[in-house]
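Residue numbers (our numbering), protein chains in the order written: chain D, 9 to 458; chain G, 5 to 98.
Just so it is clear, CB atoms sit at the ideal spot from N, CA and C, and this is done for glycine as well.
Every value quoted in this text rests on a predicted model; they were computed, and no experiment measured them.
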Amino acid sequence: MNLTKYIDGVKSGKISVVKTVEKILNEAKNSPNHFAAITKQYALERAEFLEKKPEGRLAGVSISVKDCICVKNVESAAGSEILKDYRPPFNATVIEKLEAEGAIIIGKTTQDEFGFGSFSVNTKKIPKNPLDNLRSCGGSSGGAAGFTAFTTQPHLAIGESTGGSIANPASFCGVVGLTPTYGLVSRYGLIDYANSLDKIGTIAKSVNDAFLGLHVMAGHDKKDSTSLQQEIEKEKKVKKIAVIKESLDVDKEIKDLVLSKIRDYDLISLPSIKKYSLQAYYLIALAESSTNLARYCGLRYGASEALKGNFDQYFTEVRSKFFSQEAKRRIILGTFARMSGFRDAYYLKAMKVRTLIINEYQKAFKKYDILVSPTMPIIAPKFSEISKLTPAENYMMDILTVGPNLAGLPHLSINAGFKNKMPVGIMLTSNYLHENKLQYLGGEIENQKV
Amino acid sequence: MKLDKELIEKVAKNARLKLTEKEIKNLVPEIKEILDLFSAMDKAPVSKLQPSFQPLEIKNVTREDEAKDCLSQKEALQNTKHKQDGYFKGPRAI
Chain D
9 MNLTKYIDGV
19 KSGKISVVKT
29 VEKILNEAKN
39 SPNHFAAITK
49 QYALERAEFL
59 EKKPEGRLAG
69 VSISVKDCIC
79 VKNVESAAGS
89 EILKDYRPPF
99 NATVIEKLEA
109 EGAIIIGKTT
119 QDEFGFGSFS
129 VNTKKIPKNP
139 LDNLRSCGGS
149 SGGAAGFTAF
159 TTQPHLAIGE
169 STGGSIANPA
179 SFCGVVGLTP
189 TYGLVSRYGL
199 IDYANSLDKI
209 GTIAKSVNDA
219 FLGLHVMAGH
229 DKKDSTSLQQ
239 EIEKEKKVKK
249 IAVIKESLDV
259 DKEIKDLVLS
269 KIRDYDLISL
279 PSIKKYSLQA
289 YYLIALAESS
299 TNLARYCGLR
309 YGASEALKGN
319 FDQYFTEVRS
329 KFFSQEAKRR
339 IILGTFARMS
349 GFRDAYYLKA
359 MKVRTLIINE
369 YQKAFKKYDI
379 LVSPTMPIIA
389 PKFSEISKLT
399 PAENYMMDIL
409 TVGPNLAGLP
419 HLSINAGFKN
429 KMPVGIMLTS
439 NYLHENKLQY
449 LGGEIENQKV
Chain G
5 MKLDKELIEK
15 VAKNARLKLT
25 EKEIKNLVPE
35 IKEILDLFSA
45 MDKAPVSKLQ
55 PSFQPLEIKN
65 VTREDEAKDC
75 LSQKEALQNT
85 KHKQDGYFKG
95 PRAI
């Protein structure tokens, strides 16, 4: 049942919010590692209240929240050990907005530590793909997409993307992943990965469900200085679409499935995106994340030790003990890229490459409304396959999703079919604030009879 | 620039990390492989371009300097074991 139908049923008294929430809490408990925390008592109390007073655009809708988004007094550890037991004394702006419209938070979903990964394996509790438990959900919003595919109840997942962390797991789990324009949704209360790249978005079973959540969360927020003052453009008509030629250098079955979903398209070349976007993305992401991780030192929140030695010794002790190997690798690389002598060669260069990439997209959007590509070059891999990848090979998996993320462009991943019984995603990218065009074309693709 | 054990240790010290011998041994080839990947950017035609520190242009945001409600002392301290008399208690400075 889609969310609009469910909300209508709740408001007319035909559907019981309490019974629905009881069922979904049970599913959350039995899901294969999709939840880091379940807010059972709170959710049931909210459900009773909303059953009596079913108001708001999300009246009675169960919402799962990626672990990196702060929910007041609920453990919000961003999948890390260094933030274990951290209970924020405040809500992220998106949580305030969702709750004001009648949403019910059911828990925090599992993810790669701070979003560092493409398969949600860089964390203690690893979510499993509901279509095949030997395979990954993708990442880093793995628990969010996994549970969206797993649940039988009306539900919306709130995810976050830095380089593809919404589109990637949506593709691997066969659900819809919507990443909005950078700055359209407030980042206040998001545990940062990389400030100039992070976007909060939605994962849902249908295109319209994903957009319903976005419309509730979007809008300027004084608490986030990078929050946009503009609104989503009204125009939704899609006149011309193009497929990115370089993105078709993938498995033939994946390519054919993606192309079977669209017609009347041009094939265009965006060479800089293929050549440079992955490198620039990782450089920027690592540099920004290494500064963000400087705040974790075992003093004001998160994991701590007995106070021994001086500041330097104590901070070094805590950080060395509680950061994972992947976090340490990213801190080293990011710190290196920002050190004097290397800054211009790496960090500044990457920022200029971002300009090159943005210019290439803007040239394409002068002629086309939507750019199309596969979301991921592969289907969800097995955990045994992931363990054999080197760190650089891991980073290469994001080759198709980093472009729009680096440029801050909105993009939507929808299921295009199945290969070896595993889902394949098609990704639509539009110009800034043209989310309505994504919804229009995404809806058309979703409604095709395969 | 030579990427070796000494450089990794120097960077780690800057980042307040103490790495084990095993961690360093693994990191040297891994970071080399990643930096090789990054070297593709050397060929990018960007000499005439300005850097984009944000994907979209953003304006400075200012506000009046007025006192507003903020976290209470109790809330601010609720997530630490290291507190005393309403303050955070830190390790010694030197």
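In this structure, the CA atom of Gly197/D is about 32 angstroms from the CA atom of Leu139/D. Neighbours of Val361/D across chain G, judged by C-beta separation under 8 angstroms: Met45, Ala48 and Val50.
Closer than 8 angstroms at the C-beta level to chain D, one finds these residues of the region 79 to 92 of chain G: Glu79, Ala80, Gln82, Asn83, Thr84, Lys85, His86 and Phe92. Closest in alpha carbon position to Gly310/D, among Glu30/D, Asp93/D and Pro62/D, is Asp93/D.
By the criterion of at least three beta-carbon pairs nearer than 8 angstroms, the region 19 to 33 of chain D is in contact with the region 56 to 74 of chain D.
Checking the DSSP bridge columns, you'll see Gly185/D partnered with Ile211/D and Ser421/D. Within its own chain, the residues whose Cβ lies closer than 6 angstroms to the Cβ of Ala226/D, once the five positions on either side in sequence are excluded, are Leu192 and Val193, listed in chain order.
Put simply, of Gln287/D, Leu222/D and Asp320/D the residue whose alpha carbon is nearest the alpha carbon of Leu41/G is Gln287/D. Only buried fits Glu325/D, as 16 or more other CB atoms lie within 10 angstroms of its CB. Under DSSP, Met435/D takes part in a beta bridge, and its partners are Ser381/D and Ser421/D. Per the coordinates, the alpha-carbon of Ser70/D lies some 45 angstroms from the alpha-carbon of Ala44/G.
Counting along the chain, Lys13/D sits inside no beta strand (DSSP E); it lies in the alpha helix (DSSP H) bounded by residues Leu11 to Lys19. Residues of chain G whose Cβ lies closer than 9 angstroms to the Cβ of Gln287/D are, in chain order, Leu41, Phe42, Ser43, Ala44, Met45 and Ala48.
For Phe42/G, the enclosing alpha helix (DSSP H) has its first and last residue at Glu25 to Phe42.
Judged by DSSP secondary structure, Gly416/D falls outside any alpha helix (DSSP H); it is assigned neither H nor E. A distance of 8 angstroms or more separates the beta carbons of Ala153/D and Gly110/D. Just so you know, the alpha carbons of Lys85/G and Pro97/D end up roughly 16 angstroms apart. Proximity to Ala51/D across Gly115/D, Ile453/D and Ile103/D peaks at Gly115/D, based on C-alpha coordinates.
Within chain G, not a single residue places a beta-carbon under 7 angstroms from that of Arg303/D; the smallest gap is close to 11 angstroms. For Asn439/D, the CB contacts under 6 angstroms within the same chain, skipping 5 residues up- and downstream, are Phe373 in chain order.
For the pair Ala44/D and Lys133/D, the CB atoms are nearer than the 8 angstroms cut-off. Between the region 214 to 233 of chain D and the region 353 to 364 of chain D there are fewer than three inter-stretch CB-CB distances shorter than 8 angstroms, so the stretches are not counted as touching.
Listed as beta-bridge partners of Gly167/D by DSSP are Gly209/D. Residue burial annotation: Leu449/D is buried, with at least 16 other C-beta atoms found within 10 angstroms of its C-beta.
Contact residues of the region 60 to 79 of chain G toward chain D are Leu60, Ile62, Val65, Leu75 and Glu79 (C-beta to C-beta distance below 7 angstroms). Listed along chain D, no residue sits closer than 9 angstroms to Glu10/G by beta-carbon distance, the nearest being about 13 angstroms off. Thr234/D sits away from Leu205/D, with the two beta carbons spaced by 8 angstroms or more. With fewer than 16 neighbouring CB atoms inside 10 Å of its own CB, Thr24/G falls in the exposed class.
Sorting Tyr91/G, Thr66/G and Ile38/G by C-alpha distance to the C-alpha of Lys78/G places Tyr91/G at the top. A check of alpha carbon separations from Asn402/D across Glu107/D, Phe124/D and Arg65/D identifies Phe124/D as the nearest.
Contiguous alpha helix (DSSP H) elements confined to the region 312 to 355 of chain D occur at 319 to 330 and 333 to 346, taking only those with 4 or more residues. For secondary structure counted as the beta strand (DSSP E) over 3 or more consecutive residues, the region 81 to 157 of chain D holds these complete runs in sequence order: 112 to 117 and 140 to 144. Here Ala97/G is exposed. Its C-beta has fewer than 16 other C-beta atoms within 10 Å. The criterion of a C-beta distance shorter than 8 angstroms is satisfied by Ile166/D and Lys74/D. In this structure, Ala67/D is the residue among Ala67/D, Leu301/D, Ser39/D and Ile32/D with its C-alpha nearest to the C-alpha of Thr12/D.
Taking 8 angstroms as the upper bound for CB-CB distance, Arg327/D and Tyr304/D are in contact here, some 7 angstroms apart.
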